[in-house]
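A.B. asks: Going by my numbering, the first residue of the sequence shown is number 3, and it counts up by one from there.
From the three backbone atoms N, C-alpha and C, an ideal C-beta is built for every residue, glycine too.
Since this is a predicted model, take the numbers as computed values, not measurements.
Please see the structure below; I have some questions.
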Amino acid sequence: MKYLVIGAGPAGLAAIRSLRDAGLDVEAAERNSDVGGQWLYGAQSSAVYASTHLISSKSTTAYADFPMPEEWPAYPSRIQIEQYFKDFAKRFDLYSKIRFNDGVSKLVRNGGRWRATFDKGETRDYDGVVIANGHLSDPLIPEIPGAFSGTVLHAKEYKSPEIFEGKRVLICGMGNTGCDIVVDAIHRAKSVLWSVRGGNHFVPKFVGGKPADEGNHRAKIVLPKWLRSRLHEPFARLLAGPPERFGLPKPEHRLYDRTPIVNSLVLLHLGQGDVSLRKPLKAFNGNSVIFEDGKRDDVDIVVFATGYRITFPFLKDLSPLNWQQQSGAPRLYMNVFPPEDNGLFVAGLLEGAGVGWPGRALQTDLVAAYLKAKTAKPAAAQAFRGEIERYCAAPADKDRGGHGIFVDFLQYKRDLKRAIVRLS
Ligand SMILES: Cc1cc2nc3c(=O)[nH]c(=O)nc-3n(C[C@H](O)[C@H](O)[C@H](O)COP(=O)(O)OP(=O)(O)OC[C@H]3O[C@@H](n4cnc5c(N)ncnc54)[C@H](O)[C@@H]3O)c2cc1C
Ligand SMILES: NC(=O)c1ccc[n+]([C@@H]2O[C@H](COP(=O)([O-])OP(=O)(O)OC[C@H]3O[C@@H](n4cnc5c(N)ncnc54)[C@H](OP(=O)(O)O)[C@@H]3O)[C@@H](O)[C@H]2O)c1
Numbered sequence: 003m004k005y006l007v008i009g010a011g012p013a014g015l016a017a018i019r020s021l022r023d024a025g026l027d028v029e030a031a032e033r034n035s036d037v038g039g040q041w042l043y044g045a046q047s048s049a050v051y052a053s054t055h056l057i058s059s060k061s062t063t064a065y066a067d068f069p070m071p072e073e074w075p076a077y078p079s080r081i082q083i084e085q086y087f088k089d090f091a092k093r094f095d096l097y098s099k100i101r102f103n104d105g106v107s108k109l110v111r112n113g114g115r116w117r118a119t120f121d122k123g124e125t126r127d128y129d130g131v132v133i134a135n136g137h138l139s140d141p142l143i144p145e146i147p148g149a150f151s152g153t154v155l156h157a158k159e160y161k162s163p164e165i166f167e168g169k170r171v172l173i174c175g176m177g178n179t180g181c182d183i184v185v186d187a188i189h190r191a192k193s194v195l196w197s198v199r200g201g202n203h204f205v206p207k208f209v210g211g212k213p214a215d216e217g218n219h220r221a222k223i224v225l226p227k228w229l230r231s232r233l234h235e236p237f238a239r240l241l242a243g244p245p246e247r248f249g250l251p252k253p254e255h256r257l258y259d260r261t262p263i264v265n266s267l268v269l270l271h272l273g274q275g276d277v278s279l280r281k282p283l284k285a286f287n288g289n290s291v292i293f294e295d296g297k298r299d300d301v302d303i304v305v306f307a308t309g310y311r312i313t314f315p316f317l318k319d320l321s322p323l324n325w326q327q328q329s330g331a332p333r334l335y336m337n338v339f340p341p342e343d344n345g346l347f348v349a350g351l352l353e354g355a356g357v358g359w360p361g362r363a364l365q366t367d368l369v370a371a372y373l374k375a376k377t378a379k380p381a382a383a384q385a386f387r388g389e390i391e392r393y394c395a396a397p398a399d400k401d402r403g404g405h406g407i408f409v410d411f412l413q414y415k416r417d418l419k420r421a422i423v424r425l426s
């Protein structure tokens, strides 16, 4: 039996290691020239910009058995993280399993197997494929009527703030990317406008000088998400400040229902008046931008930090992944397993602050445990298939974010661990 991993980012690296360590024959294809996925700065897949630091602390983000160096800061920079993945791949001898500069351009069924066609033309057959192609590479840009005479870019193309020097800048979107770019722009631009749609919670990076997210990970008991939200939300509002006080929309969801914004600087700049808020963009007209409330401004650059589309360009037919047109994402058990027992698995397709790379590694350990159980513990594998089918047949859970891929990190990691135990 031969397996392919598509992508050598954090999830792909975890997948190669999990399958190899389970004694399975695995190889990987990576379109970039090195490992690291998003963190390989400047690579075609990467949306990381020069000023990026982790928003999850190093102790909660690093693979469980490969901590980041003691001397690194609590929230390392993208330069350190890029090195971290190269060191990880070396330490666990993963480089020899990866073919670089050669992506998978096509994946089709071939009898009971999958035939992969590579960018350079070669084809190979596999018994199973772990798809770890990432979901922050295909920009989502809203369709805005009218024509703009200035520069328009999506955050994926944004690398560093020199482009803002002396310019009138509009940034659309209040995800963590939008917030980082607003902060970058303030020090260079002539003026900064920020167009915001939905609200979100803000959490500080540090509380009492310690990374704010560490406490959650140390908790011995996993409280239900709603209770954790009720308990922690007032602290977030007290420590970061209620977003409404800065003129931002009040979040309509609870703290642990979405990835929060981990950025205190952007609120500081809002409070100082370094940035002016705007409603969502309605139209372009020459160098003017017109907002939903009728306000109109002249700007030189528009940056859409409006998120990403989930895509699998190598799969012409998305039905084997149980694709849901409405959410623009597949519906998978534990975000990994499609209902059909077809040899496809997805790794890394999730949103959820706190999952980190240990969460991705648990996903791929589960895939390996399942594949092994198919021969070593067929009854357990069969029971697990039942779980997959029941989950996928049931109505979709409410409140799992825009694409329906949000997970509550504490609950999710616990579920993955328990499933691994059942299959091992
Ligand atoms: C600015 C920014 C900051 C972030 N900060 C954090 C953070 O603080 N904490 C956190 O946990 N997460 C953070 N993330 C999320 C980040 O996506 C994950 O940390 C992680 O990179 C996801 O890993 P992945 O392997 O699933 O996907 P990716 O890192 O996107 O890797 C996917 C890989 O697949 C390859 N690939 C794609 N298609 C093909 C193909 N057809 N053939 C071959 N190879 C292919 C790509 O080249 C890429 O190397 C951040 C993301 C961004 C953009
Ligand atoms: N420093 C870091 O570590 C860091 C930095 C950046 C990103 N990340 C991570 O990377 C992932 C992607 O983040 P992201 O910020 O790029 O994408 P994102 O989380 O999907 O956020 C996109 C934002 O754009 C808004 N939006 C969409 N269309 C809009 C429109 N027409 N007008 C105004 N706003 C609009 C969305 O608002 P609605 O809420 O209304 O839909 C949302 O606030 C997340 O997991 C994030 O946490 C981490």
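1. Which of helix, strand or coil does DSSP assign to Asp67?
2. Any contact of the region 162-170 with the region 187-201, i.e. 3+ C-beta pairs under 8 Å?
3. If I'm right that Phe1 touches Phe286 with Cβ under 8 Å, what's the distance once you round it to whole angstroms?
4. For Val7, count neighbouring C-beta atoms within 10 Å of its own C-beta (all shown protein chains included) and say buried if the count is 16 or more, exposed if not.
5. Considering only residues of the same chain and omitting the five flanking positions on each side of Tyr258, which have a CB-CB separation below 7 Å?
6. Hey, would you say the C-beta of Val50 is under 7 Å away from at least one heavy atom of ligand 3?
7. Select from Arg260, Trp116, Tyr86, Ser59 the residue whose C-alpha is nearest the C-alpha of His203.
8. Just to confirm my understanding: we take Ala310, look at its own chain, exclude 5 residues before and 5 after, and list those with CB closer than 8 Å. What are they?
9. If you count every other CB in all the chains shown that lies within 10 Å of the CB of Ile407, and 16 or more means buried, which is it?
10. With the cut-off set at 8 Å, would you say Val205 and Ala214 are in Cβ contact?
11. For Thr125, which beta-bridge partners are listed by DSSP?
12. Please indicate yes or no: does the CB of Phe204 lie closer than 7 Å to some heavy atom of ligand 1?
13. Could you say if the region 235-253 and the region 264-280 meet the contact criterion of at least three C-beta pairs nearer than 8 Å?
14. Entirely within the region 8-63 and at least 3 residues each: give me those beta strand (DSSP E) ranges in chain order.
15. With burial defined as no fewer than 16 other Cβ atoms inside 10 Å of the residue's Cβ, what is the status of Gln327: buried or exposed?
16. Kindly examine ligand 2 and report whether one of its heavy atoms sits closer than 7 Å to the Cβ of Asp186.
17. What do you reckon, are the CB atoms on Ala375 and Arg333 nearer than 8 Å?
18. Tell me whether the beta-carbon of Lys99 lies closer than 8 Å to the beta-carbon of Ile173.
19. Spatial neighbours of Thr153 within its chain, please: C-beta separation below 6 Å, excluding the five flanking residues on both sides.
20. Going by the DSSP bridge assignment, what does Gln326 pair with across the sheet?
21. Compute every distance between the C-beta of Pro12 and the non-hydrogen atoms of ligand 1, then say whether any falls below 7 Å.
22. If I'm right that Asp276 touches Ser290 with Cβ under 8 Å, what's the distance once you round it to whole angstroms?
23. Going by the CB atoms, is the gap between Gly175 and Phe306 shorter than 8 Å?
24. Any heavy atom of ligand 1 closer than 7 Å to the beta-carbon of Ser162?
25. Measuring only the C-alpha atoms, how far is Arg298 from Pro262?
26. Using only the alpha-carbon positions, how far apart do Lys281 and Trp74 sit?
27. Taking buried to mean at least 16 other C-beta atoms within 10 Å of its own C-beta, is Arg416 buried or exposed?
28. Does DSSP put Ile143 in a helix, in a strand, or in coil?
29. Give me, in chain order, the residues of the same chain whose beta-carbon lies closer than 7 Å to that of Ile27; leave out the 5 immediate sequence neighbours on both sides.
30. So who's on the other strand from Glu353, going by DSSP bridges?
31. Let me know the beta strand (DSSP E) ranges lying completely inside the region 154-204, each 3 residues or longer, listed in chain order.
32. Just checking Gly345 against ligand 1 - is the residue's beta carbon closer than 7 Å to any of the ligand's heavy atoms?
33. Could you round the C-beta distance between Tyr335 and Tyr393 to whole angstroms and report it? I think they count as a contact, below 8 Å.
34. Enumerated in chain order, which unbroken segments of the alpha helix (DSSP H) with a length of 4 residues or greater are wholly contained in the region 219-266?
35. Taking the CB atoms as reference points, tell me whether Asp121 and Arg33 lie closer together than 8 Å.
36. What is the rounded straight-line gap between the Cα of Glu235 and the Cα of Ser197?
C.D. replies: Quick look at the numbers:
1. coil
2. yes
3. Nothing in the structure corresponds to residue 1, since the chain is present only between 3 and 426.
4. Around the Cβ of Val7, a 10 Å sphere holds 16 or more other Cβ atoms; the residue is buried.
5. Within the same chain, Tyr258 has close Cβ partners Lys227, Arg230, Ser231, Asp410.
6. With respect to small molecules bound, the structure shown includes ligand 1 and ligand 2 and not ligand 3.
7. Checking every option, the nearest Cα to that of His203 belongs to Arg260.
8. The residue you asked about is not Ala; residue 310 is Tyr in the sequence shown. Correct list, in chain order: Ala49, His137, Leu138, Ser139, Asp140, Pro141, Leu142, Lys158.
9. With a 10 Å radius around the Cβ and a threshold of 16 neighbouring Cβ atoms, Ile407 comes out buried.
10. yes
11. Thr119
12. no
13. Between the region 235-253 and the region 264-280 there are three or more C-beta pairs closer than 8 Å, enough to call the two in contact.
14. 27-31
15. exposed
16. Distances taken from the Cβ of Asp186 to the heavy atoms of ligand 2 include none shorter than 7 Å.
17. no
18. No. Outside cutoff.
19. Ile303
20. Ala331
21. yes
22. A Cβ-Cβ distance of about 22 Å is found for the pair Asp276 and Ser290, leaving them out of contact under the 8 Å criterion.
23. yes
24. Ser162: no, Cβ never under 7 Å from ligand 1.
25. 30 Å
26. Their Cα atoms are separated by approximately 39 Å.
27. exposed
28. coil
29. Reading the sequence as shown, one finds Asp at residue 27 and not Ile. Within the same chain, Asp27 has close Cβ partners Met3, Lys4, Tyr5.
30. Partner(s): Phe408.
31. 170-174, 193-197
32. Distances from the CB of Gly345 to the heavy atoms of ligand 1 are all 7 Å or more.
33. Yes, they are in contact, since the Cβ atoms of Tyr335 and Tyr393 sit about 4 Å apart, within 8 Å.
34. 227-242
35. Between Asp121 and Arg33, the C-beta gap is smaller than 8 Å, which places the two residues in contact.
36. 25 Å
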